[in-house]
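Below: one structure, written as structure tokens.
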Amino acid sequence: DLSSQAVTNNTPAPADTTPPECSSAAVHGDQLVLTYTEANTLSDAALTGNAGFTVSSTADTDITVSSAVVDATAKTVTLTLSRAVTSAETVTVNYTKPETGGVQDAAGNDATDLSSQAVTNNTPAPADTTPPECSSAAVHGDQLVLTYTEANTLNGATFA
Numbered sequence: 328d329l330s331s332q333a334v335t336n337n338t339p340a341p342a343d344t345t346p347p348e349c350s351s352a353a354v355h356g357d358q359l360v361l362t363y364t365e366a367n368t369l370s371d372a373a374l375t376g377n378a379g380f381t382v383s384s385t386a387d388t389d390i391t392v393s394s395a396v397v398d399a400t401a402k403t404v405t406l407t408l409s410r411a412v413t414s415a416e417t418v419t420v421n422y423t424k425p426e427t428g429g430v431q432d433a434a435g436n437d438a439t440d441l442s443s444q445a446v447t448n449n450t451p452a453p454a455d456t457t458p459p460e461c462s463s464a465a466v467h468g469d470q471l472v473l474t475y476t477e478a479n480t481l482n483g484a485t486f487a
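Residue numbers for the sequence shown follow our numbering, beginning at 328 and rising by one.
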């Protein structure tokens with residue numbers, strides 16, 4: 328018989344109770360990458376839909392999140408956006424953990440929510456935004472030759 332026998336609890340305390348936090352976010356075209364601080368790795372469980380992420384921009388055109396993919400070892404989440412971001416836009420990202428799934432670390436801790444997290448815009452400015460202009464026109468027999476000013480080359484398309 329046992330009565331009030333002391334029991335030694337050898338169950339180890341959870342090694343990781345700290346949720347992953349977003350440390351930076353950067354966009355290049357239609358790819359927005361969030362980097363998380365985390366002692367171990369992120370969970371490599373597949374995320375569905377927008378996975379709780381929304382993206383806002385100073386542009387008039389909406390941006391939706393088409394998909395979200397976790398790179399567990401790199402501790403990143405890459406969002407594919409519905410359109411490319413231009414170099415002139417200011418972008419922010421929000422995250423609210425969905426009812427099921429969502430970003431977690433390998434220990435199962437849910438990532439912290441984000442509210443208007445600033446995003447570094449790494450989308451390059453277009454190299455050439457100046458339209459070609461006709462600088463002269465000359466007739467040579469049955470040929471009309473138009474000369475254009477252009478820093479680069481004109482499109483070589485043939486017109487019928």
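Built from N, CA and C at the ideal position, the CB exists for glycine as well.
{"query": "Cutoff 8 Å: THR474 Cβ touching any chain B Cβ", "result": "In the structure shown, chain B cannot be found, because there is only a single protein chain."}
{"query": "Nearest residue (CA-CA) to SER443, options CYS349, ALA333, THR344", "result": "CYS349"}
{"query": "Which listed residue (ASP455, THR391, THR368, THR456) has its alpha carbon closest to that of TYR422", "result": "THR391"}
{"query": "Segment contact flag, the stretch 443-456 with the stretch 394-409, C-beta cutoff 8 Å, min 3 pairs", "result": "no"}
{"query": "Beta-carbon spacing of ALA378, GLY429 below 8 Å", "result": "yes"}
{"query": "Cut-off 7 Å between Cβ atoms - residues of its own chain near ARG410, not counting five sequence neighbours on either side", "result": "ASP357, THR388, ILE390"}
{"query": "N-terminal and C-terminal residue of the beta strand (DSSP E) that ASN448 is part of", "result": "441-448"}
{"query": "Three-state class that DSSP yields for ASP455 in the structure shown", "result": "coil"}
{"query": "Euclidean distance between Cα positions of ALA464 and PRO453", "result": "29 Å"}
{"query": "DSSP beta-bridge partners of SER394", "result": "THR407"}
{"query": "Candidates HIS467, ASP440, ASN482, of which the one nearest ASP455 by Cα", "result": "ASN482"}
{"query": "CA-to-CA distance, THR381 to ALA372, given in whole angstroms", "result": "20 Å"}
{"query": "Among THR338, LEU374, PRO459, HIS355, the one whose alpha carbon lies nearest that of GLU416", "result": "HIS355"}
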